[in-house]
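A quick write-up on the structure given underneath.
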Amino acid sequence: MTTLTRPLRSLAGLALGVPTALAELAFLLATAPLLAFPRARRHVLAAATTLADVEVRRLGLLGGAEVSGYDGRRALRYVAWRWPVGVLGALVLALLVAGIGAGVRIAWDWGRGEPFDGMKPTMLLVLYFAVLGLVLLFLEIMGLVGLVALERRVARWALGPSATELLERRITELAESRSGIVAAVDQERRRIERDLHDGVQQRLVALAMLIGRARRGRAPELLDELLHQAHEEAQGALGDLREVAWRVYPTGLDSLGLRDALATVAERAGLPVTVHYDLAERPVGQVETAAYFVVCEAVTNAAKHAAAGAVTVEIFKKGTVVVVRAQDDGRGGADPSGGGLSGLARRVAALDGRFHVDSPYGGPTTITAELPCG
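Sequential numbering of the sequence shown, starting at 322, is according to the working numbering.
Written out as structure tokens, the structure is:
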């Protein structure tokens, strides 16, 4: 349905551009003498802005165009450059209508066995007209595609952001991503401190108490039991410490690569995790690290908060970006502004990537990250 709707919308947009082009031409001819008068110039520029607003809404049918806050002068410049494009569109659409009309007339006459313009439907003549019609239709379609591109380019040139605006926007994005990274690092430090305090430190305290009781004990059977408990606590503390170290930075990522590191995550997840890794070559270090942490956070959330039974992870390349998608079958309702997910969003934004969380109540939860690698 979308494949059919898009061309129809484009045709409607181009058709609507014909009367607006004629209106713009009439507007320019009528208001050109008024530009010499300051008071009248303000009204002319305001009217040009209104015409530009109408055109921007029409461009939505053609897929839209990147525009910014334009003033009357830029709107007038756009109107002056846009009307010839509308006239060209009228000619192309007229040729399309004429071609369709001629084709229908030929098919109607020959279908009834009557000659068309004195020509009877022989096999060679039918083949000739069919090939000619297909070639002309192809040229017409290419002309319409070119018109759509030209409409959007003129709007972007006249009404789009200037080089200064693009630079200011980029500076703002870099400042926001830098502050986001600082906040994410601080948040990660707090989580590490909390994990050390609530996990490793508590186990070490229990271990110290067990060793102290063993030193004060006299019965051999009690001493063996205390040493056995101390050994288990020591192993638990090592396990917790290893988990914290892996969350800080997985050393295996450098030596083993992303595929094997994610296999380790799947083994340690506590629920079934299926990883579909479809990268022909190893990504750069920053992309690899970000992809690893996206998967880790998705698996951790699915196991701890979503009551999920399984997680599916897909990693593949699409154009110049590496797409990381993790989906679980849990109850959904994940909050993108939560600590872990917001930290991931800032980490991905720092690489000029995109991060999206789709988690309706009832599930499933899908976490997608697009990381530029080109």
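The beta carbon of each residue, even a glycine, is placed where N, CA and C say it ideally should be.
E618: member of the alpha helix (DSSP H) spanning 606-625, first to last residue. By the Cβ neighbour-count rule, E618 is buried, with 16 or more other Cβ atoms within 10 Å of its own.
Straight through space, the alpha carbons of V634 and D599 are spaced by roughly 11 Å. Distance check between L337 and each of P359, D430, W404 places W404 closest, using alpha-carbon atoms only.
Annotation: V456 to E691 spans about 41 Å, alpha carbon to alpha carbon. Nearest to G684 by alpha-carbon distance, out of L544, L662, G653, is G653.
Where E602 is concerned, there is no enclosing beta strand (DSSP E), because DSSP gives it neither an H nor an E. Classified as buried, D649 has 16 or more neighbouring CB atoms from the shown chains inside 10 Å of its CB. Membership of T585 in the alpha helix (DSSP H) is indicated by the continuous run 579-588.
Note on V466: under 16 other CB atoms within 10 angstroms of its CB, so exposed under the neighbour-count rule. Annotated three-state conformation of A470 is helix, per DSSP. Judged by DSSP secondary structure, R646 falls within the beta strand (DSSP E) whose first and last residues are 642-649. Exclusion of the five residues before and after G420 leaves G454, L457, L458, E461 as the residues of its chain whose Cβ lies within less than 8 Å of its Cβ. When DSSP reads this structure, V678 sits in a beta bridge with I688. With respect to D673, P657 sits apart: the two C-beta atoms are not nearer than 7 Å. P354 sits in a helix when the DSSP states are folded into three classes. The three-state secondary structure of T633, taken from DSSP, is strand. Beta bridge pairing from DSSP links T595 with T633.
Cα atoms of R536 and A496: separation of roughly 58 Å, rounded to the nearest angstrom.
The three-state secondary structure of P657, taken from DSSP, is coil. Look at the beta carbons and you see the stretch 429-439 not touching the stretch 338-347: under three pairs across the two are nearer than 8 Å.
In this chain, A386 is not harboured by any alpha helix (DSSP H), its DSSP state being neither H nor E.
Only residues of its own chain outside the window of five on either side were considered, and among them T341, A344, E345, F348, A396, V400 have a CB closer than 8 Å to the CB of L372, listed in chain order. Beta-bridge partners of P693 (DSSP): V642.
A straight-line Cα-Cα distance of about 24 Å links A584 and A558.
By the neighbour-count criterion, in which a residue is buried when 16 or more other Cβ atoms sit within 10 angstroms of its Cβ, L547 is buried.
Here A411 has V339 as same chain residues with Cβ atoms under 6 Å from its own Cβ, once five neighbours each way along the sequence are excluded. At a Cβ-Cβ threshold of 7 Å, V615 and V645 count as neighbours.
Note that the C-beta distance between V632 and V620 is below 7 Å.
In this chain, the alpha helix (DSSP H) harbouring A428 covers 393-432.
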